[in-house]
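Participant: I have a structure here, written as structure tokens, and I will follow up with some questions on it.
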Amino acid sequence: MPESPPKSPPAASAAAASVPAGPRLRIAIDGPAASGKGTVARAVADVLGYRYLDTGAMYRALALVARQRGVPLTDEAALADLARSVRMEFRAADGPGPARIFVDGHDLSEAIRTQQVGEDASAIAVYPAVRRALVALQQALAAEGGVVVDGRDIGTVVLPDAELKIYLDATPEERARRRWAELQSRGVDVGLDEVLAEIHRRDRQDSGRATGPLRKADDAITIDTTGRPPDDVLAEILARAAERGARPPTPIAPGSGADAGRPTTGALDASPPDA
Ligand code: DC
């Protein structure tokens, strides 16, 4: 089944109200489920005035839309067709907070954060044709640089020549505790044992698949986040980025006509322009 990548790179505009400083690195952050990637990746992007690309959200959104539209989660070709035909975008949030993911104009940002969607995403992520479709979009979105991309295969497949590659890890027990606390805070009542079992299942599925498995790139820096506060991990990654020349952006002076506040995550259009 032939798949074609996007015909031309989709728009990926940075909306930071600040002057970019230093080289616009591509920072790849990989790691297993609940390793803290998302929190840390977003924070790195915020500090450096970079865009943040959550590739897990793309697999989740595709899985959710497949269910909504009755596409079987076992039909590789139909799932890949769906990935190429929908318009998937990240749009900056109205207020503070991470960019939101839209599919064909629908905001799915909250709906994709359930256990079920996570399992579905992991299940469809085994299909090479699905991965090729989403990887092509991710590469186009990251092409300009000045971006932090998190996922499972970013340092190995999506951005093998990223200027900085981080592999975040933590013990399954610690990751289960984090995921459990997050679910509790959202009012989801589930046992810690159940969450730990799910973490083990996801690890097996994400590491065991033939295409784009979760794997540390040879040139990635491993950071074990077990027992470490996110700020500490953030400082370490920023230090590594600084070694490669990255600097926080210079705010635009008040009165210059632009908002000189915190940089916002730029809108990312993850669809071919004609989709
Ligand atoms: O990071 P996450 O839990 O939101 O990701 C959901 C699933 O998507 C994960 O179990 C595996 C898949 N995924 C992937 O295969 N490759 C990526 N780059 C990102 C996520």
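Note that the sequence shown covers residues 27 to 301 in the working numbering. Cβ coordinates follow ideal geometry from the N, Cα and C atoms, glycine included. Only a predicted model underlies this, so the values are computations on that prediction, with no experimental measurement involved.
Could you check whether the Cβ of S148 sits closer than 8 Å to any heavy atom belonging to the ligand FMN?
Facilitator: The ligand FMN is not part of this structure, which contains only the ligand DC.
Participant: Just to confirm, does G238 get its C-beta within under 8 Å of one of the non-hydrogen atoms of the ligand DC?
Facilitator: Yes - the ligand DC has a heavy atom lying nearer than 8 Å to the Cβ of G238.
Participant: Should R110 and A151 be called a contact, given that it needs their Cβ atoms to be closer than 9 Å?
Facilitator: No.
Participant: Report yes if the C-beta of V184 is less than 8 Å from at least one heavy atom of the ligand DC; otherwise report no.
Facilitator: Checking the Cβ of V184 against the ligand DC gives yes.
Participant: Spell out the partners DSSP gives R77 in its beta bridges.
Facilitator: Paired residues: V173.
Participant: If you check the beta carbons only, do A104 and A202 fall under 9 Å apart?
Facilitator: No, Cβ-Cβ distance for A104 and A202 is not below 9 Å.
Participant: Strictly by DSSP, which residues pair up with I249?
Facilitator: Paired residues: L194.
Participant: Measuring CB atoms only, is the segment 158-177 touching the segment 122-138, in the sense that at least three cross pairs come out at less than 8 Å?
Facilitator: Not touching, per the Cβ criterion.
Participant: Just to confirm my understanding: we take V183, look at its own chain, exclude 5 residues before and 5 after, and list those with CB closer than 7 Å. What are they?
Facilitator: So the qualifying residues of the chain are V161 and G238.
Participant: Is the separation between the beta-carbon of P256 and that of V73 shorter than 9 Å?
Facilitator: Their beta carbons are not under 9 Å apart, which means P256 does not touch V73 by this criterion.
Participant: With distance defined between alpha-carbon atoms, name the residue in Y76, V259, I263 and A83 nearest to I138.
Facilitator: Minimum Cα distance to I138 is reached at A83.
Participant: Give the single residue among G217, A265, A89 and I263 whose Cα lies nearest to the Cα of A149.
Facilitator: Cα-wise, what sits closest to A149 is A89.
Participant: If we count the other Cβ atoms within 10 Å of its Cβ and call it buried at 16 or more, is E311 buried or exposed?
Facilitator: Lying before the first or after the last residue shown, residue 311 is absent from the chain, which here runs from 27 to 301.
Participant: Is Q142 buried or exposed, if buried means 16 or more other CB atoms sit within 10 Å of its CB?
Facilitator: Label assigned to Q142: exposed.
Participant: Just to confirm, does Q165 get its C-beta within under 8 Å of one of the non-hydrogen atoms of the ligand DC?
Facilitator: Checking every heavy atom of the ligand DC against the Cβ of Q165, none is found closer than 8 Å.
Participant: Any heavy atom of the ligand DC closer than 8 Å to the CB of R68?
Facilitator: Because no heavy atom of the ligand DC lies under 8 Å away, the Cβ of R68 does not count as near it: no.
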